[in-house]
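Peer 1: Read in the numbering used here, the sequence shown has 8 at position 22, and its numbers run on one by one without any break.
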Amino acid sequence: MNTSSPMGSASLTDRIAVLVKALRADVPECLAAGAIDMSTGMLLAVETVDNHPQEVLDLLAAATLDLFQGRNVVMIEDIWKERRGVQQESHYFQEILVNSDNLTHLFVRTESRDDVVIVVVCRKAVNVGMLFAQTRRVLKDIGTL
-13 MNTSSPMGSA SLTDRIAVLV KALRADVPEC LAAGAIDMST GMLLAVETVD NHPQEVLDLL
47 AAATLDLFQG RNVVMIEDIW KERRGVQQES HYFQEILVNS DNLTHLFVRT ESRDDVVIVV
107 VCRKAVNVGM LFAQTRRVLK DIGTL
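Okay, here's the thing in structure tokens:
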């Protein structure tokens, strides 16, 4: 566990807000960033260039929960872990990239808390390598949630 986090004694809510703001500012072509609580399916924080109706943001959070912990996804994870002899309870899927007609969405389970997934939404023109590199850098720089 990284105890040298620049956010040291800040609350979880404050640390997540700083993380989301940094992702929005530092990831190339980023239009929005957010964090979702995988235990509740609730949106914890969001930074976006546009105003979106709350129901759209809530649906994004619910879809993220399904994407990482839906019944079929959990079954696939369990089968792969069994076949590979993995004994730990951690989740198998850590990052998921989704392309739509105009956007690229990167979903990343945070290393320090596997119950928090961040999402970064970029223009489709984004260099995917830079998207991954900058997202991982920000996650590492912000430190432990």
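Here a beta-carbon is modelled for each residue, glycine too, at the ideal position from N, C-alpha and C. On a predicted model such as this, the values are computed, not experimentally measured, just so you know.
Would you kindly report the start and end of the unbroken beta strand (DSSP E) that includes Val107?
Peer 2: Residue 107 sits at position 121 when you count from the first residue of the sequence shown. Unbroken beta strand (DSSP E) run through Val107: Val102 to Arg109.
Peer 1: Between the region 103 to 110 and the region -3 to 10, do three or more beta carbon pairs fall short of 8 Å?
Peer 2: With the cut-off at 8 Å, the region 103 to 110 and the region -3 to 10 touch.
Peer 1: Does DSSP put Gly20 in a helix, a strand or coil?
Peer 2: If you number the sequence shown from 1, residue 20 lands on position 34. Three-state result, Gly20: strand.
Peer 1: Can you look up Met(-13) in the DSSP assignment and give me helix, strand or coil?
Peer 2: As a position in the sequence shown, residue -13 is number 1, starting the count at 1. No answer about Met(-13) holds up, because its pLDDT of 38 lies below 50 and its placement is not dependable.
Peer 1: Using a Cβ-Cβ cut-off of 7 Å (strictly less than) and excluding sequence neighbours within five positions of Ala47, which residues of its own chain qualify?
Peer 2: Working through the sequence shown from its first residue, we reach residue 47 at position 61. Within the same chain, Ala47 has close Cβ partners Ile22, Gly27, Met28 and Leu29.
Peer 1: Would DSSP call Phe118 helix, strand or coil?
Peer 2: Indexing the sequence shown from 1 puts residue 118 at position 132. Phe118: helix per DSSP, three-state reduction.
Peer 1: So, is Gln73 buried or exposed, given that buried needs 16 or more other C-beta atoms within 10 angstroms?
Peer 2: Residue numbering aside, residue 73 sits at position 87 when the sequence shown is read from its first letter. It is exposed - the Cβ of Gln73 has fewer than 16 other Cβ atoms within 10 Å.
Peer 1: For Val6 and Trp66, what's the separation of their Cα atoms in angstroms?
Peer 2: Within the sequence shown, the letter at position 20 stands for residue 6. Within the sequence shown, the letter at position 80 stands for residue 66. Distance between the alpha carbons of Val6 and Trp66 is about 31 Å.
Peer 1: Please determine, among Gln40, Ala119 and Val112, the residue with the shortest C-alpha to C-alpha distance to Ser86.
Peer 2: Residue numbering aside, residue 86 sits at position 100 when the sequence shown is read from its first letter. When only C-alpha atoms are compared, the closest one is Val112.
Peer 1: In the DSSP assignment, find the alpha helix (DSSP H) that holds Arg1 and state where it starts and stops.
Peer 2: Position 15 of the sequence shown, counted from the first residue, corresponds to residue 1. Counting along the chain, the alpha helix (DSSP H) containing Arg1 begins and ends at Leu(-2) to Asp12.
Peer 1: Give the DSSP bridge partners of His91, in chain order.
Peer 2: Within the sequence shown, residue 91 is the residue found at index 105, counting from 1. Looking at the DSSP assignment, His91 forms a beta bridge with Val84 and Val107.
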